[in-house]
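Sequence positions in the sequence shown follow our numbering and run 6 to 260.
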Amino acid sequence: MVEIKTDTALELMREAGRVVANALAAVRAAAAPGVSLLELDEAARAVLDEAGARSPFLGYRPAFAPVPFPAVICASVNDAVAHGIPTAYRLRDGDLVSIDCGAELDGWNGDAAVSFTVGTPRPADLALIETTRRALEAGIAAATVGHRLGDVSHAIGTVARRGGYGMPADFGGHGIGRRMHEDPHLPNRGRPGRGLPLRHGLVLAIEPMLMAGGRDAHRTDPDGWTLRTTDGSRAAHVEHTVAVTEDGPRILTLP
Ligand code: MG
Ligand code: MG
Numbered sequence: 006m007v008e009i010k011t012d013t014a015l016e017l018m019r020e021a022g023r024v025v026a027n028a029l030a031a032v033r034a035a036a037a038p039g040v041s042l043l044e045l046d047e048a049a050r051a052v053l054d055e056a057g058a059r060s061p062f063l064g065y066r067p068a069f070a071p072v073p074f075p076a077v078i079c080a081s082v083n084d085a086v087a088h089g090i091p092t093a094y095r096l097r098d099g100d101l102v103s104i105d106c107g108a109e110l111d112g113w114n115g116d117a118a119v120s121f122t123v124g125t126p127r128p129a130d131l132a133l134i135e136t137t138r139r140a141l142e143a144g145i146a147a148a149t150v151g152h153r154l155g156d157v158s159h160a161i162g163t164v165a166r167r168g169g170y171g172m173p174a175d176f177g178g179h180g181i182g183r184r185m186h187e188d189p190h191l192p193n194r195g196r197p198g199r200g201l202p203l204r205h206g207l208v209l210a211i212e213p214m215l216m217a218g219g220r221d222a223h224r225t226d227p228d229g230w231t232l233r234t235t236d237g238s239r240a241a242h243v244e245h246t247v248a249v250t251e252d253g254p255r256i257l258t259l260p
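If you want it as structure tokens, here you go:
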């Protein structure tokens, strides 16, 4: 069931979103060659604790997962697309990192992700991240009253396809509110003019995941969580929580 949020709820979700944005900023500031993924998790955890927010990631166990998620961020490096478990791995010069983080504050959730490089970047990685960002921007721009869900999917998919990048077909965005994952599912490709009509108060987590190899194939690590490209190519993942409003799309996960 798709839940439409009141304006009061949108204000509360904005506060949860602000915590997510601050946590991602702290992680990004801490990230450098030699820093471990567990240390990045600690940086995010400190921001959530300080804000009095709960992590919707920590202990999360969807049907596919063999173990509850053990951290407050997903940390996905290089050929990991998303859902990476933070480990003792220390970042190396030129790594491409995607960090996903959520926060629940006063019963409402925010969910966002960023991709960035540490040390000296590879030009191909910068292009991949830039296109993933543009896919997110296009999806957000399409999230307007009068459009349908398929318009958002189509906007994302068009940018990815024009860039020659692949996408894991069965993963995408989602509704969000009192729970981190709510209806509707938001595919990262779709047909314009189809699907759920977008109304004021619908909140979507929009999250393109692009794979540099251009194929859509992906696999899951033995840990049951980490999503990886099958060809070893690198991947990027960016996300914002966005409210559809009469005044246009409102990004809730900004600082
Ligand atoms: Mg996320
Ligand atoms: Mg999400």
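Ideal Cβ positions, reconstructed from N, Cα and C, are used throughout, including at glycine.
The closest heavy atom of ligand 2 lies 8 Å or more from the beta carbon of M18. When the beta-carbon positions are compared, A165 and A146 stay at least 9 Å from each other.
G22 and T258 do touch by the CB rule: their CB atoms are close to 4 Å apart, below 8 Å. By the beta-carbon neighbour count (other beta carbons within 10 angstroms, threshold 16), D98 is exposed.
A direct Cα-to-Cα measurement between H88 and C79 gives close to 5 Å. By the criterion of a C-beta distance shorter than 6 Å, P61 is surrounded in its chain by G107, E109, N114, M185, once the five residues flanking it on both sides are discounted. Across the set W230, E20, I256, the C-alpha of W230 shows the shortest separation from the C-alpha of T92.
Secondary structure of D236 (DSSP, three-state): coil. Going by C-alpha positions, G155 is about 5 Å away from G200. Under a 10 Å Cβ-count criterion, V247 is classified as buried, with 16 or more other Cβ atoms of the shown protein chains found around its own Cβ. About 7 Å separates the Cβ atoms of L15 and G206, confirming a contact at the 8 Å cut-off. Ranking Y94, G219, G112 by CA distance to the CA of E44 puts Y94 first.
Any heavy atom of ligand 2 within less than 6 Å of a residue's beta carbon puts that residue on the list, which reads D116, H179, A210, E212, E244.
Collapsing the DSSP output to three states places N27 in a helix.
In terms of CA proximity to L53, L29 leads the group L29, I90, G64, G177. Residue pairing from DSSP leaves A76 without any beta-bridge partner.
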